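S.K.: Please see the structure below; I have some questions.
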Amino acid sequence: EAKKKGRGCYEVFSEAMGDILRQRRVVEADLRKALEKGDELQLFYQPIYTNSGVMTGAEALLRWNHPVHGGMSPVFLIAIAEEAGMIMQLGDWILREACRMTANLNLLWISVNVSAMQLRDEHFADRCLAIINEMQVAPERIQIEVTETVLIENRDLAVATFKKLRASGVRVAIDDFGTGYSSMSYLQNYPVDSLKIDRSFIQALSDNEEGRAIVGAMVEMARALKLNVVAEGVETVDQRDMLSAMGCGTMQGYLFSRPLKAHQFVQFSQEETALRA
Ligand code: C2E
Ligand code: MG
Ligand code: MG
Ligand code: MG
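Each residue of the sequence shown is one higher than the last, beginning at 249 in the numbering used here.
Below you can see the structure in the form of structure tokens.
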């Protein structure tokens, strides 16, 4: 009886697995087509502000409007691209698209997310610099964002890659800061420009004294290490004011703007510039 039940479970399980695998393969094939045609894939742009309210740049965020499945999480998309061996091609497309966007913007820089697997390629820095050069963009107008966990994986390669990029003027930010395990000693001498404090810590700001103490310590540490600090996922005026009082220089979140479609972002940034002129 138990044996029978066990087998039944296994069958249900393997059927579900089969569905997932089939679905993955369909998505994979579709992604390959989308990359070739380049019309279903899009970058959205989320403005980034100084604490005095000036837009300084934007983060590029991948979107895929799949004809059948609709909007798909970029996290899922990137995972599929990594598994299917398409991440380098997709990464190149993303960087090229971001470079193209800078031409429409007055002095603003664009921050581009880079996946763990992209960073494992020892030629990654050369690859990026070649695209930036080919697109005739000033390297200072491109920043790359790397999640904190990637740094622990292969420190020497990451350090070499960041040094090369920064020597050419490209800036480097550590994304989702606080969710990995980088200790103070890890950060010391790390060749990066900014820390982006993960949204979960910003949410905890309003909870209690402890939540505020942690963010305060992160801001202090960044200052001591002479790094720029960015708060991710700022949603309320309260959070903004607390961060400002702590000396957090830069912020990003729904309070300021959601990620915008390319043409909306261009219009938005022109309006912002006009306001300041
Ligand atoms: P991330 O780099 O940490 O990006 C920030 C995420 O937070 C984005 O989600 C953004 O839409 C969202 N966000 C921004 N402000 C707020 C806010 O105030 N409240 C809330 N609740 N969310 C906010 P998204 O676009 O879904 O991207 C998720 C993750 O997918 C990104 O996290 C990044 O790790 C990855 N990703 C997105 N685009 C790319 C890409 O072009 N390349 C790579 N490698 N990864 C990407
Ligand atoms: Mg990011
Ligand atoms: Mg982030
Ligand atoms: Mg995050």
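Just so you know, even glycine gets a beta-carbon here, dropped at the ideal spot from N, CA and C. For clarity, every value in this text was computed on a predicted model and none was experimentally measured.
For Arg-506, which of Met-336, Phe-292 and Ser-359 has the nearest alpha-carbon?
M.R.: In the sequence shown, counting from the first residue as 1, residue 506 sits at position 258. Taking only the C-alpha atoms, the option nearest Arg-506 is Phe-292.
S.K.: By the three-class DSSP mapping on this structure, what secondary structure does Lys-251 have?
M.R.: Sequence index remark: in the sequence shown, residue 251 carries index 3 (1-based). With a pLDDT of 48 at Lys-251, under the threshold of 50, the modelled position of this residue cannot be trusted; read the value that follows with caution. Three-state DSSP puts Lys-251 in a helix.
S.K.: In three-state DSSP terms, what is Met-499?
M.R.: Position 251 of the sequence shown, counting from 1, holds the residue named residue 499. Looking at Met-499 - three-state DSSP - the assignment turns out to be strand.
S.K.: Is Asp-423 near ligand 5, going by C-beta to nearest heavy atom under 7 Å?
M.R.: Absent from the structure shown: ligand 5. Ligands present: ligand 1, ligand 2, ligand 3 and ligand 4.
S.K.: When you compare only the Cα positions, how much space is there between Ser-416 and Gln-384?
M.R.: As a first step, residue 416 is located in the sequence shown; it is residue number 168 there, counting from the start. As a first step, residue 384 is located in the sequence shown; it is residue number 136 there, counting from the start. If I take the Cα positions, the gap works out to 13 Å.
S.K.: From this set, Gly-319, Val-323 and Leu-309, which residue's C-alpha is nearest Met-349's C-alpha?
M.R.: Counting from one through the sequence shown, the residue named residue 349 turns up at place 101. The shortest C-alpha separation from Met-349 is found at Leu-309.
S.K.: Entirely within the region 366 to 396 and at least 3 residues each: give me those beta strand (DSSP E) ranges in chain order.
M.R.: Whole beta strand (DSSP E) segments, 3+ residues: 390 to 395.
S.K.: Flag this pair as touching only if the region 295 to 305 and the region 505 to 524 have three or more C-beta atom pairs under 8 Å; answer yes or no.
M.R.: In short, these stretches touch, since the Cβ pair count reaches three.
S.K.: Report the rounded CA-to-CA distance for Phe-410 versus Val-440, giving the unit in angstroms.
M.R.: Position 162 of the sequence shown, counted from the first residue, corresponds to residue 410. Position 192 of the sequence shown, counted from the first residue, corresponds to residue 440. If I take the Cα positions, the gap works out to 7 Å.
S.K.: Keeping to the same chain, check which residues put their C-beta closer than 7 Å to that of Ile-328; ignore five residues upstream and five downstream.
M.R.: Within the sequence shown, residue 328 is the residue found at index 80, counting from 1. Counting only Cβ-Cβ distances below 7 Å, and skipping sequence neighbours, we find Arg-272, Val-275, Glu-276 and Leu-279.
S.K.: Which runs of the beta strand (DSSP E) spanning at least 3 residues fall entirely within the region 404 to 458, listed in chain order?
M.R.: Counting whole runs of 3 or more residues, the region 404 to 458 contains the beta strand (DSSP E) stretches 419 to 425 and 442 to 445.
S.K.: Using a 10 Å radius around the Cβ and a threshold of 16 neighbouring Cβ atoms, would you call Thr-298 buried or exposed?
M.R.: Here residue 298 corresponds to residue number 50 of the sequence shown, with the count starting at 1. So Thr-298 counts as exposed.
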